[in-house]
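These notes are about the structure you will find just below.
This is the structure:
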């Protein structure tokens, strides 16, 4: 079932995103880099919401939602540029995952995936990404 | 601007293989007994809904590109040109620059983005839906950056 597989893939990506943004938040200073701190906090909240929604979507299909890994490999996060680069990588990965979800869903589920793809594409800009011709198509 | 995948309309929106094979088989069954005066079937096949959908998207892209070109928004022109080509369309020849309100350009881009979302939702082909959604996200990026 392509839809369920794509939903599970998106959920797995969101588990990773929530974990990484949690780590990024811990390495970002609200006083020294307020804009980055705010962007990371906003992204963390957005990905948590997407994760919860995807979990519910999988349950609605009668399946067991894929669980988060116990831990994820973190890149070096010693400096603001490293944090920014890591966040950009998360958003690009999520955009790609949601583009896949768009292709494998219909109607409201597809509309939701388009919204998530768009949100990640726009968030890329906050983390130093350049506008692309086709976000999510990497 | 990185080159993205190209999704040729004639390939992506082609008739399903079974339908095409059926048409060939019917053509091969002609035993020559029909006289030239016999009425041939005149019903016109329904157009592929995705072809109609892409034609509508190309029209929106054409209008957006023309306005962006008149306004001198070179990044938008490049984006829309890339999207038209990805849909196997032909970009229009840019007209002369003229005075265009920035709000008009933003409004046209928002309209285009909304159109792309609806087209992506409506597409029968998953690959086409993915392409249109990605185009919509690209327009959203432009709206969120310099042209927002």
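Residue numbers (the working numbering), protein chains in the order written: chain A, 1 to 138; chain B, 1001 to 1148.
Ideal Cβ placement from N, Cα and C applies to all residues, glycine included.
Which residues in chain B have a C-beta closer than 9 Å to the C-beta of residue i? List them in chain order.
i, result
"residue 35(A)", "Neighbours of residue 35(A) on chain B: none; closest Cβ ~15 Å, over 9 Å."
"residue 139(A)", "Here chain A has residues from 1 to 138 only, and residue 139(A) is not among them."
"residue 107(A)", "1121"
Give the residues of chain B in contact with residue i, contact being defined as C-beta atoms less than 7 Å apart.
i, result
"residue 7(A)", "Those within 7 Å of residue 7(A) in chain B number zero; the least Cβ separation is about 14 Å."
"residue 125(A)", "1141, 1144, 1145"
"residue 111(A)", "1121"
Which class does residue i belong to by DSSP, given the choice of helix, strand or coil?
i, result
"residue 1139(B)", "helix"
"residue 112(A)", "helix"
"residue 81(A)", "helix"
"residue 197(A)", "Here chain A comprises residues numbered 1 to 138, so residue 197(A) is not present and cannot be evaluated."
"residue 30(A)", "coil"
"residue 45(A)", "helix"
"residue 1048(B)", "coil"
"residue 89(A)", "helix"
"residue 120(A)", "helix"
"residue 36(A)", "helix"
"residue 138(A)", "coil"
"residue 1032(B)", "Note that residue 1032(B) scores 41 on pLDDT, short of 50, meaning its location in the model is unreliable; the coordinates nonetheless yield the value given after this. Coil, per DSSP."
"residue 67(A)", "coil"
"residue 96(A)", "helix"
"residue 18(A)", "helix"
"residue 62(A)", "coil"
"residue 1019(B)", "Summary for residue 1019(B): the model assigns pLDDT 29, below 50, so the residue's position carries little reliability; its value from the coordinates is reported in the next sentence. Residue 1019(B): helix per DSSP, three-state reduction."
"residue 2(A)", "helix"
Let me know if residue i comes out buried or exposed under the rule of 16 or more other beta-carbons within 10 Å of its beta-carbon.
i, result
"residue 131(A)", "buried"
"residue 1050(B)", "buried"
"residue 74(A)", "exposed"
"residue 17(A)", "buried"
"residue 76(A)", "exposed"
"residue 30(A)", "exposed"
"residue 1096(B)", "exposed"
"residue 36(A)", "buried"
"residue 70(A)", "exposed"
"residue 1037(B)", "Residue placement at residue 1037(B) cannot be trusted, given a pLDDT of 46 that sits under 50; what the coordinates show is reported in the next sentence. So residue 1037(B) counts as exposed."
"residue 64(A)", "exposed"
"residue 1086(B)", "buried"
"residue 1069(B)", "buried"
"residue 1099(B)", "exposed"
"residue 57(A)", "buried"
"residue 24(A)", "buried"
"residue 40(A)", "buried"
"residue 1043(B)", "exposed"
"residue 117(A)", "buried"
"residue 1090(B)", "exposed"
"residue 1032(B)", "Confidence in residue 1032(B) is poor, its pLDDT being 41 and thus under 50, which makes the residue's placement unreliable; the coordinate value appears in the next sentence. Result: exposed."
What in chain A is Cβ-close to residue i, meaning under 9 Å?
i, result
"residue 1134(B)", "95, 99, 102, 117, 121, 132, 133, 134, 135, 136, 137"
"residue 1082(B)", "133, 134"
Which residues in chain A sit within 7 Å of residue i, going by Cβ to Cβ distance?
i, result
"residue 1126(B)", "103, 104"
Given that residue i touches chain E, what residues does it touch there, using C-beta distances under 7 Å?
i, result
"residue 1130(B)", "Of the chains in the structure shown, none is chain E; the protein chains are A and B."
Restricting to runs no shorter than 4 residues, where is the alpha helix (DSSP H) found entirely within the segment 1053–1137 of chain B?
Within the segment 1053–1137 of chain B, the complete alpha helix (DSSP H) segments at least 4 residues long are 1074–1086, 1102–1122, listed from N- to C-terminus.
Between the segment 1042–1055 of chain B and chain A, which residues of the former have a C-beta closer than 8 Å to a C-beta of the latter?
The residues in question: there are none.
Taking Cβ-Cβ distances below 7 Å as the criterion, which residues of the segment 1109–1121 of chain B are in contact with chain A?
Answer set for the segment 1109–1121 of chain B: 1117, 1120, 1121.
Taking a cut of 8 Å between CB atoms, which residues from the segment 62–93 of chain A lie near chain B?
Within the segment 62–93 of chain A, contact with chain B at the beta-carbon level (separation under 8 Å) is assigned to no residue.
Interface positions of the segment 38–52 of chain A facing chain B (Cβ-Cβ less than 8 Å), listed along the chain:
Residues passing the 8 Å Cβ filter: none.
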